[in-house]
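The C-terminal residue of the sequence shown carries number 553 in our numbering, and the numbering is unbroken.
All C-beta atoms, glycine included, are put in the ideal place defined by N, C-alpha and C.
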Amino acid sequence: MDKKESYQQYWLKNKYMNYCPKKGERYMPTLLEQLANCFTHGVGIIPAIIAVWKMLERSLTNEQLFCTILYGTAFISLFIVSTTFHVLSLAHRSTVCCHIFHLGDRFIIYIYIAATYTPWFLLQCNEEYGASSSNLVWLFAFIGVSYTMFYHEKYKMFETIMYLFHGFFPAALLAKLSTKGFFELAFGGLLYVIGVFFFKSDGKIPFAHAVWHIFSLTAAWIHHFAIWTHLY
């Protein structure tokens with residue numbers, strides 16, 4: 322037995338990891354992994370609600386209020402939908418409700434990305450460029466949601482590439498106009514990219530999805546503080 326096999330057998334034996342899924346199949350987390358999945362995004366729900374409430378109090382213009390409602394709804398939903406899906410998966414892996422929230426868990430990624438960039442386009446860019454760029458980002462979000470609806474779990478690597486592209490091409494549009502907040506956006510983006518390694522490592526690294534949650538939670542808060550600091 323080589324070291325790699327011994328390593329995997331140890332985690333499998335102690336229920337810290339399940340077997341790696343075959344191509345096209347969904348990974349089935351162990352009980353401990355699923356509990357970790359619930360906690361690592363569930364812990365973000367109440368702080369997100371408080372943060373959005375503070376943004377509402379600080380919104381002085383109609384544009385800021387609109388962006389707060391749009392971004393804030395997506396920010397809170399990111400954690401609620403993810404946590405709800407994992408809680409349902411604990412007991413009802415194959416129910417219709419669980420499947421719906423699994424789709425929602427994927428949909429919300431595109432929606433959250435678009436909602437995160439919207440304040441940057443609408444609050445710091447000129448009206449024409451900001452509106453057109455924001456519309457472009459939301460168009461891609463619609464394409465991503467539509468793709469997931471029809472091809473969910475079929476082409477996982479392509480889906481991951483779509484997430485990454487959707488996350489980075491709006492940053493390129495912003496970089497042409499202003500460097501304000503760009504460091505925070507770039508650093509948060511880097512954490513997402515590192516997290517994707519764990520997102521794709523179910524069955525290879527124990528608690529891989531929970532680690533992905535930690536990276537995405539941290540990145541989301543970095544982006545939140547960038548919006549709060551530079552745009553409000």
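Query: Could you spell out the range, first to last residue, of the alpha helix (DSSP H) harbouring Val517?; Result: Phe503 to Phe520
Query: Less than 8 Å between the C-beta atoms of Thr437 and Cys388, yes or no?; Result: no
Query: Cutting at 7 Å between CB atoms, please list the residues of its own chain near His534, excluding the five before and the five after it.; Result: Asn358, Thr361 and His362
Query: How many Å lie between Pro528 and Tyr337 at the Cα?; Result: The sequence given here places Phe at residue 528; Pro does not occur at that position. So the alpha carbons of these two residues sit roughly 7 Å apart.
Query: Since I believe Ala496 is in contact with Phe504 (beta carbons under 8 Å), could you give me their beta-carbon distance rounded to a whole number of angstroms?; Result: Not confirmed; about 11 Å, so no contact.
Query: Given Ile432, which residues of its chain have a CB within under 8 Å of its CB, disregarding the five upstream and five downstream residues?; Result: Ala395, Ser398, Ala462 and Val466
Query: Taking buried to mean at least 16 other C-beta atoms within 10 Å of its own C-beta, is Cys419 buried or exposed?; Result: buried
Query: Just to check my reading of the structure: Ala435 and Val458 have Cβ atoms closer than 8 Å, yes? What is that Cβ distance to the nearest angstrom?; Result: 5 Å
Query: Select from Ser454, Ser453, Met470 and Gly393 the residue whose C-alpha is nearest the C-alpha of His423.; Result: Met470
Query: Could you work out which residue in Asn447, Glu378 and Ser537 is closest to Val517 when comparing CA atoms only?; Result: Ser537
Query: Here's a check: name, in chain order, each residue in its chain whose Cβ is nearer than 7 Å to the Cβ of Ile401, leaving out the five neighbours to either side.; Result: Ile366
Query: Quick one, are the C-beta atoms of Leu512 and Ala540 less than 8 Å apart?; Result: yes
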